[in-house]
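Only one structure is covered here, and it is reproduced in the block below.
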Amino acid sequence: MRNKIILDQLRAKEKQMEQLVCNSIERTGNSVQKEFYQQWKNHNREEAVETMFYELRQNVADYWLNEKYTKDSTAAFNLLYLEQDGLYGGEFTSFAIDFRYPSKKLPQFEVMDDRFHYIENRNNLPACVIPLLDVLTQEIQGKEYDFEEWDDVMDLYNLFETTAYIDTHQTFLLAHQEDLFQSLPIQKPFYVAVGEHDAGAPQLIYVME
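Here the sequence shown is numbered in the working numbering, starting from -16 and rising by one per residue.
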């Protein structure tokens, strides 16, 4: 039920952002804007989730469970924060966190959240590529100023980002079903949050009960 709420909120935002982009295209008739919108429409979500899951599984084995990086850390954590670099990013970096949150309600995160206690030797590890944002990063460089206004660029980015976060939700649903994190010292409820570096509070994306 809680994941349904999260996914419904993401889909509602995606619909809202698509409408903003469509309204802008109708207003400006900008060909570059149309090109990127069509690219978004052609996005293969199932393929993206497969790619993200495969790379996540590989990085769990290569980094998250590797003594070379974790130094045999056995400290439990109940939140995984995935950070990306926005318009010029395209991949997630992971941070394991002891999230001091006794409530059963869905958490709302804060900027510089003092309930976050980062786990030593489980931070700044590779998580996975974000296919949709990776494509945007590669394609948009040099074309940003072909848009009528910077707000149009950001509306397009927010549409791509929201869809990428839906892909991320589905990736962690699959990871949950496949018990991908069974060898990690996680505690439930286990929260997965996403965010852009230095761009506001993290956003809850998935909960493992």
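Glycine included, each C-beta is placed from N, C-alpha and C at the ideal position.
| Query | Result |
| --- | --- |
| CA nearest to the CA of methionine 95, picked from Tyr174, Pro185 and Asp81 | Pro185 |
| Every unbroken beta strand (DSSP E) inside the segment 38 to 68 [3 residues or more] | 60 to 67 |
| Under 8 angstroms between C-beta atoms of isoleucine 169 and phenylalanine 75 | no |
| Residues near tyrosine 148 in its chain [Cβ-Cβ closer than 8 angstroms; skip 5 each side] | Leu(-7), Val177, Gln186 and Ile188 |
| Reduced DSSP category for glutamate 93 - H, G, I as helix; E, B as strand; rest coil | coil |
| Opening and closing residue of the beta strand (DSSP E) in which tyrosine 189 lies | 186 to 191 |
| Limits of the alpha helix (DSSP H) - the one that tyrosine 128 falls within | Segment: none, tyrosine 128 is in no alpha helix (DSSP H) and carries neither H nor E. |
| Cβ neighbour criterion (16 or more within 10 Å) applied to serine 14 | exposed |
| Element boundaries [alpha helix (DSSP H), containing tyrosine 20] | 14 to 24 |
| Straight-line gap, asparagine 25 to glutamate 179 (C-alpha atoms, nearest Å) | 24 angstroms |
| For valine 118, the nearest candidate out of Phe36, Gln22 and Asp55 (CA to CA) | Gln22 |
| CA nearest to the CA of asparagine 141, picked from Tyr71, Ile80, Val43 and Tyr174 | Tyr71 |
| Unbroken beta strand (DSSP E) run spanning alanine 176, endpoints | 169 to 179 |
| Residue environment, tyrosine 64, which counts as buried when at least 16 other CB atoms sit within 10 Å | buried |
| Neighbour-count burial assignment, threonine 154, 16 or more Cβ in a 10 Å radius | buried |
| Bounding residues of the alpha helix (DSSP H) (the contiguous stretch that carries arginine 113) | Correcting the residue identity first, residue 113 is isoleucine in this sequence and not arginine. Careful: isoleucine 113 lies outside any alpha helix (DSSP H) and carries neither H nor E. |
| Euclidean distance between Cα positions of glutamate 33 and proline 109 | 17 angstroms |
| Contact belief for leucine 116 with glutamate 144 at Cβ below 8 angstroms, rounded distance in angstroms | 7 angstroms |
| Per-residue DSSP class, three states only, for tyrosine 140 | helix |
| Counted within 10 angstroms of its Cβ, other Cβ atoms place proline 85 as buried (16 or more) or exposed | exposed |
| Three-state secondary structure (DSSP) of arginine 105 | strand |
| Residues bridged to serine 77 (per DSSP) | Leu65 and Leu108 |
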